[in-house]
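Under my numbering, the very last position in the sequence shown is 163; numbers go up by exactly one each time.
To start, the structure under review is shown below, and the notes come after it.
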Amino acid sequence: MTDISEFEPDFSDKEETEIRTALIKLQEKVQEAKVPVVLLLCGANGSGKNAALGLLRDWLDQRHLDLHAYERRNIRQDTIEYRRYWCDTPIEGHTGLFVSSWYSDPLVEHAYGRINDDELYSRLDECNLFEKMLADGNAIFVKIWFYKSTAEQEDFLRTMDDN
């Protein structure tokens, strides 16, 4: 099932308390059901990933949360494409929070023109196969993509350039 939502995270203290409580209850249900949850935070730089990460890290029960962030893969040091992700997938009842993911490298390489459309689709098919292996092991996926409009991204890059 795929849901697409757009929102600005602006809520009252009361709403924040309700959201935090609901997230903790959901995390307890995940633990009781003994299913691993894979939560992916991906997207453009400056689009809110780190802010969302901070909220989730603060709001969720840390005892059942595994946080993983990756730099770009060094092909010479790590020749097996998905090993680092596979080794970090959450155990039953835990949530693995991934900042950046197996989608990052192919999308960045395509954006910079290092791979063509056919190679991109081939690499994305590999991502789907990797996820299927995890899903066959009862993993639940939550994928959140953060983005900026073209104008917002250009402003962000100009600001980065100025600094």
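The beta-carbon is built from N, C-alpha and C at its ideal position, and this holds for glycine as well.
CB contact below 8 Å: residue i versus chain C
| i | result |
| --- | --- |
| V142 | Among the protein chains of the structure shown there is no chain C, as only one such chain exists. |
Rounded C-alpha distance that separates residue i from residue j
| i | j | result |
| --- | --- | --- |
| W86 | Q27 | 22 Å |
| E109 | R123 | 11 Å |
| G48 | L23 | 19 Å |
| R84 | L97 | 14 Å |
| K25 | V142 | 17 Å |
| S101 | D88 | 11 Å |
| E131 | E152 | 31 Å |
| P106 | N45 | 16 Å |
| G137 | P90 | 11 Å |
| E154 | K148 | 9 Å |
| T150 | D118 | 25 Å |
| R158 | F11 | 30 Å |
| D13 | N116 | 47 Å |
| E171 | N50 | In the structure as shown, the chain begins at 1 and stops at 163. Residue 171 is therefore absent and cannot be evaluated. |
| M160 | Y103 | 24 Å |
Beta-carbon gap between residue i and residue j smaller than 8 Å
| i | j | result |
| --- | --- | --- |
| V35 | E71 | no |
| I144 | L67 | no |
Assumed close pair residue i, residue j - CB separation to whole angstroms, cut-off 8 Å
| i | j | result |
| --- | --- | --- |
| L65 | T95 | 5 Å |
| A69 | V99 | 4 Å |
| L134 | V38 | 6 Å |
| D146 | G43 | The residue asked about is misnamed: residue 146 is Phe in this sequence, not Asp. About 3 Å separates the two Cβ atoms, so the contact holds. |
- Query: Enumerated in chain order, which unbroken segments of the alpha helix (DSSP H) with a length of 4 residues or greater are wholly contained in the segment 76 to 111?
  - Reply: 83 to 88, 104 to 111
* Is the segment 15 to 30 close to the segment 120 to 139, with three or more CB pairs under 8 Å? -> no
Note to self: Count Cβ pairs between the segment 22 to 37 and the segment 60 to 67 that sit closer than 8 Å; are there 3 or more?
What the structure shows: yes
message: If contact is defined by three or more beta carbon pairs under 8 Å, each pair taking one atom from either stretch, is the segment 105 to 119 in contact with the segment 46 to 59?
response: no
inquiry  = Which complete beta strand (DSSP E) runs does the segment 24 to 65 hold, if anything under 3 residues is left out?
reply    = 37 to 43
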